[in-house]
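Quick note, the sequences are listed as chains A and B, same order. Under my numbering, residues 219 to 1042 are what the first sequence spells out, in order. Under my numbering, residues 4 to 581 are what the second sequence spells out, in order. One structure below.
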Amino acid sequence: MVQKKRKLITHIILIFLIIVILFPVVWVITTSIRRDEAAFSTKLFSSRVSLQNYRDLVFPEKNLPYLIQSLQSMIQLVKPYDSWDKDKLNNKIDNYIDRVENYLLETENRLDEVEQSYENIKNYLLEHSHDIKNQVINNIENLINIINISNLQPTIENEAALYVILSKERFNSTTHKALKDFLDSFTDLDTSSRSNYEKALEKLKESYEKTLNGYDKIYLNTENELNKCKFEINELQKKYQVFQNKIFEINIILEKDITPELEKLTESLKNLNNLKENIKNSSTENPYIIDDSEPIKNLEEVDKLLNDLITNLEKLPGYDNLKNILKIQKDEIEKLMLENDSLKNKLVYSNLINIYYSELHPRILKIYNEIKTNIFDIKDIIYAFENLNDQLEKLKNKENELTNKKLEIEKKLFEVQQLFIEPQKVYNLKIFKEKLHNLITSLEKAKSFSKIDLIKYHSTLKTLREFSNSYNEKDELQKNVNKIIQDLNWIEIYRDFESKMEKIPENLKNILTDMEKSLNDFKNSYKDLLNLSSNGIFVSSEILNKMYDTVKMDFVNKVRANMSIASRKASILLDLIPFNVLKSDFKNIDKQLFRIDQIWKQKIKHYFWLWVLNSVIISLIVATITTAVCAIAAYPFSRMKFFGRRYGIIALLLIQMFPGVVFMIAIYDLLNFIGRYVSFLGIDTLGGLIFAYLTNIAFNMFLIKGFYDTIPISLEEAAIVDGATRFQSFYKIILPLSRPILTVVFLLIFMGTFNEYVVARIILQDVKHYTYALGLQSFATGPYETEWGLFTAAALLGMAPMIILFLSLQKYLVSGLTRGAIKE
Amino acid sequence: MLKNITKFFLWFLLSIFNIFLFWISFFLLQNNYYELSIVLFTLIILIDFFIFNPKAYPYRYIIPALILLFILVLYPIYFTFKIAFTNYGTGHFMTKQDAIERLLYDPNFSYVIDENPVSYKVFVVYNGLSPTDDFVILFKVNNELFLGEKPIPKKTRGQEVLLSQFDLFKIDNESISLNGKNYQIIPWENDLEKINLIIINNKSYKSFYSPDNDLLAINAPHFKTRIAQNYLSHAEYITPDGSKYALKIASDGKWRFMKIQRLYRLSYKEIYENGKLQMQLSLINNYTNKEVLEKDGAFYDIDENGQETFLMGFIDFVGWKNFVRIIKDPKISGPFFRIFIWTFIWALLSVILSLAVGLPFALVLNDTNLKGRNIYRTLLIIPWAIPVFISALVWRNGLLNESYGIINKFLLPLLGINSIKWLNDPFWARVGVLLVNMWLTFPYMMTISLGALQSIPPELYEVAAIDGAGKIKRFLNITFPLLMSIIAPLLVSSFAFSFNNFTIIYLITGGGPPIPNSTTPTGYTDILISYVYKLAFEGGQGQNFGFASAISILIFFLVGGISILNFKLTGTFEEVNR
């Protein structure tokens, strides 16, 4: 029993894992048959299935845009039509015109069918509009019956809750009507008159205020205060910022501008004092006594200024550097003032006085005044700054207090409001019921299935949805509401569908008549154009240009978007609509619209068949040559003894271990060189690629040799005795006998070459020379990155035969790959 | 009788074959493909030896394989080694010989002697209303008329024409005969503008283009795109007195023929080397009369101020420079070692992860009592059976795509995870490629494990069961060691394969996201082989074959080492000997 259970679990796990592992394959398959743009879809899978991707890939249809473009190329006589003779061209053009005509006709017919089906649907729905209406009304009535409204006692809480709802409502509104019973019974008033209603509300307000205990007012007040406080803080912070910037500026001036200058000045003053020392020893005397009263007076003045500065600076914190420098300067200046009398008769003294008076004094004055203004500024600012800081501190404290208070009150308010929840639920139910009643009356007026009626259904659905979203309990009611919403959903989608469908026929018909007119004009004019063109004058048909524009612009803008929405809605309605009879009509609309789109849509140009053909040709030739070469070369390794047999094969196997990419530079260079003389073996040619692929010899030779080894030698010996040469015995006995292994090797090489990507990437450049692998990559990159339909279809077409081949060759593959490792 | 005919026929074939190969080998020699020429020459000798020597009979079977091996495997190996020591790559594509030839002959390397252009007029054959490429040009030089036809290629490199020339002949009469052709000028005037038609052997050339004729200006585009670019861009017309004329763009913007002279000439210079006087070839600039400088595998012109201008690069031997760069250049070595280490991590994790997924499946499917095990096995093999490039593209495009991919759009939101940058985040890109590779290779691991498990004798388990060993103990002590001893060589070769698994990396991430601050195209998921590919074949920063070859050689030795190890493990050496 346990064993069986375990087996079952193993199976389940295995199946689950296989589903997960094979998901990419499943994705490829399902995406390849999707009709919508899978990359932009919000669904993983789609029920709208078609083989269109495969059709586009395998038998690309020459649809309208293609035909028009080709006609233009024929008129212009560009490749490949430049070499065609006139009759052939004329025939082709006639043929293409016929085809365009047919497509236009087909579009018209299909449009008729669409209209027919649409008409059917409309008529049917009109006939059954009564049923639909009754159904919906019935459902809603059932719903009303389910709604169970409990009775509420006139407690304070209930009254307060009622006030919360009604305070926002006007007299005689739906809500009032719905809650009139409660209101009347709570207040003992008949509120069918406005004055009574207002009185009743007054009464309710009293109980509301009682329950709230004034919390709401306190709450509002605190909030106001808090906001004011925050505003003030903000203002102060702005000011604070301004001051900070100013201080910063002044500091920079003091430090970067003034301090260096001061240092220079100090230096000069020191030098001046040194000079003064030296004067004492100088012997050259002046004939008269030098008058130094003026400079000394100035010096005293400066000294005073400096004193002032220093005392002011001392009051400020910081600026130690500046303070030091000024102090030194003060010393120097005082030194300069001392004992000047003994020097008054020396010649050099006049020099000193001159230097000071004309050079240093103005500078000293200037810089001291600068320092003075800056210091005064900064003093004021710092004072204001400190003031500001205090204010900010206070305000922030206040803010904190207020916030705490607010939180507390909020908590209390919340507690009170909890009391309202229960009664409010009852009131909401009552309101909902009233609304449903209203809906029924409005729906009953609906007589047909017109746009106006659809709006009624829409508003019904809206009311139900709103209720379903706000109603949090999962009971019978919720279930029923959801069910009705689901049942009504199709009407909503039908509304979208209808609005799009109304626009399509008219627009499309306009475009069709345009196209038909243009086509007729073209029919009459193309022969002349073609004659002109064949005389070597470049002509292009304006009519065709216009037609192409119609297809590319008018159709896309006016019809295509509406069509794709209508088509999608039709496919959804197919599943949702409760009338089975209509399904075929919706299906038809979806089908016809899709086909019309296919006729008019510009499709991706590709060379799928060419790519597959290239791949198959390359793989076949490579497989044939390699198998032949290997089959011959393997023979002596199996049957004969010769020098180099052992090391030869080891060397071969070793060399084969290296991936082709390593040698690609050499091969590329070689092909480039050969291509200059032998054009079919160059870069970007299939021949060159085949040549580059012929490297896979050693491994396959080894595989074939292994098989030869198993064929008994006696067979050959018998043949040789009968007079066969060695080659004949190989050719006539060994080769036929080893057909199985040769087939396997052939298929292996075929698969390997078909699946090769790198070398092809390097050698091939032209899109038309691409192999399947490169082509598939071009489907998956660049502008086609999101065109998953074509890509997956191409991928599936490529991988299906490969998987089948692989699985059927599995036995050989595995034994080949594991050969040598597992010994019997 | 029949035998003789066949024999004769075979002899005939052989001689043709010999002659053909000899011819190719000489041809290659002429085109400076010395090595390939030697390879072919050796091949001829070997083949002839095999055929004429009865003792070498077994080798006759190997001849076709030998040809392919020599040309497609041995020569490329040699070539790769050679290139690794050169600067071959963007800007250095030509051999030195070619570069010199180009400098000497290409009309682009010429200078105008006489700024005054000669007047000319082009005449073409019309096909209906449309002009063809068949043209002649009438020149007026020093008041004399000269006729030039389509220039004849003189120097070519493959299909590319380096220089084409035509010797002009003088027209002094209304109709002249020359070399069996009749030339007739209508009307016969000494004024180019008035001549309207030239008839050569009944073919009429109508006046088509002249830079000074406004009426013919309409034909300028055709003249420039189809005639000038295809035939005249490398052409010179030579008057009987030996002056050369080529098409240049004149100062007024029109295309005119001017008298030119070669910019470079070959000359010998004498240098002392080892005390001996030696002659050495050098290029001289005719215009400045200075020698062309040869430096770092390129030619440079030097002007009066000693300024060097780059002329043309050529393939030059650079010694170990490419290898030294890997270690010494900090902008290369940093990213390179990152790639180097990631290559090993990638190969190792690929093997371990796929074994980790494949082995459990093998263990489950090894149970002979399990119903439908063949179906399960077949289904599980499918990822292996799908061509790798298809799987890689499907994963990249449909599943890992950052904005549309299934994983980011459906799976991750289901699990409540934010979308992952599979292609642009270094870590997740690596996880992504490992994930895909695991998906691709686990069936292989499962299959070989299954094979190996079946070869373990069941008696071992019976004995162990009697000894009371539990399931886990049996797995750890019997199954796993035995299994590993059997599949170890396959794991090694699987490692070597992953080491060079270019397709997956290239198709899924393209090596990206790129590593910043690198002078070479590097990415976080790049492995060595994709790095080589990018260096050699992806533009952007230019191709660098030399450096790519150097790294190829590195890969060569790494993989070679792994392979020899593997042969030792599998006993291939003994098997061959059997």
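Beta carbons are placed, not taken as given, at the ideal position from N, Cα and C, and that holds for glycine.
Contact check, residue i vs residue j, beta carbons under 7 Å
i	j	result
L610(A)	L444(A)	no
L148(B)	I174(B)	yes
V976(A)	F505(B)	yes
S357(B)	T444(B)	yes
A664(A)	F715(A)	no
P386(B)	H237(B)	no
F112(B)	L266(B)	yes
Interface flag, residue i vs chain B, CB-CB below 7 Å
i	result
A257(A)	yes
W302(A)	no
I850(A)	yes
W245(A)	yes
I227(A)	no
M719(A)	no
G1016(A)	yes
F603(A)	no
G754(A)	yes
A1012(A)	no
L1027(A)	no
L534(A)	no
Environment of residue i [buried if 16+ CB atoms lie within 10 Å]
i	result
N325(B)	buried
A378(A)	buried
V799(A)	exposed
D316(A)	exposed
F50(B)	The sequence shown places Ile at residue 50(B), not Phe. So I50(B) ends up on the buried side.
P958(A)	exposed
W26(B)	exposed
H987(A)	buried
A468(B)	exposed
R581(A)	exposed
G454(B)	buried
W191(B)	exposed
G513(B)	buried
K1041(A)	At K1041(A) the pLDDT is 31, less than 50, meaning the model places this residue with poor confidence and gives no usable figure here.
Q983(A)	exposed
I227(A)	exposed
is_contact[residue i, chain A] using C-beta, thresh 7 Å
i	result
P79(B)	yes
N400(B)	yes
S497(B)	no
F413(B)	yes
Chain C contact for residue i (CB, 7 Å cutoff)
i	result
L747(A)	Annotation note: the requested chain C is absent from the structure, which comprises protein chains A and B.
ask   = Enumerated in chain order, which unbroken segments of the beta strand (DSSP E) with a length of 3 residues or greater are wholly contained in the stretch 436 to 523 of chain A?
value = The stretch 436 to 523 of chain A contains no whole beta strand (DSSP E) run of 3 or more residues.
task = Identify every run of the beta strand (DSSP E) within the stretch 56 to 135 of chain B, keeping only runs that are complete inside it and at least 3 residues long; order them along the chain.
result = 113 to 130
key: Every unbroken beta strand (DSSP E) within the stretch 523 to 572 of chain B, with a cutoff of 3 residues, ordered by chain   = none
task = Examine the Cβ distances between the stretch 844 to 857 of chain A and the stretch 908 to 917 of chain A and report whether three or more of them are shorter than 8 Å.
result = Contact holds between the stretch 844 to 857 of chain A and the stretch 908 to 917 of chain A, because three or more Cβ pairs, one in each stretch, are under 8 Å apart.
message = Could you tell me which whole alpha helix (DSSP H) segments of length 4 or greater appear in the stretch 822 to 887 of chain A?
response = 826 to 857, 863 to 874
message = Using a Cβ distance threshold of 8 Å, determine whether the stretch 120 to 130 of chain B contacts the stretch 211 to 223 of chain B, with at least three qualifying pairs required.
response = yes
task = Check whether the stretch 541 to 555 of chain A touches the stretch 478 to 488 of chain A, counting contact only when three or more Cβ pairs, one atom from each stretch, lie closer than 8 Å.
result = The answer is yes - the stretch 478 to 488 of chain A touches the stretch 541 to 555 of chain A, with three or more Cβ pairs under 8 Å.
query = Would you say the stretch 305 to 317 of chain B touches the stretch 481 to 496 of chain B, given that touching needs at least three Cβ pairs under 8 Å?
reply = no
inquiry  = With a threshold of 8 Å, are at least 3 pairs of Cβ atoms found where one atom belongs to the stretch 801 to 818 of chain A and the other to the stretch 348 to 364 of chain A?
reply    = no
query = Contact between the stretch 754 to 765 of chain A and the stretch 694 to 706 of chain A: three or more CB pairs below 8 Å?
reply = no
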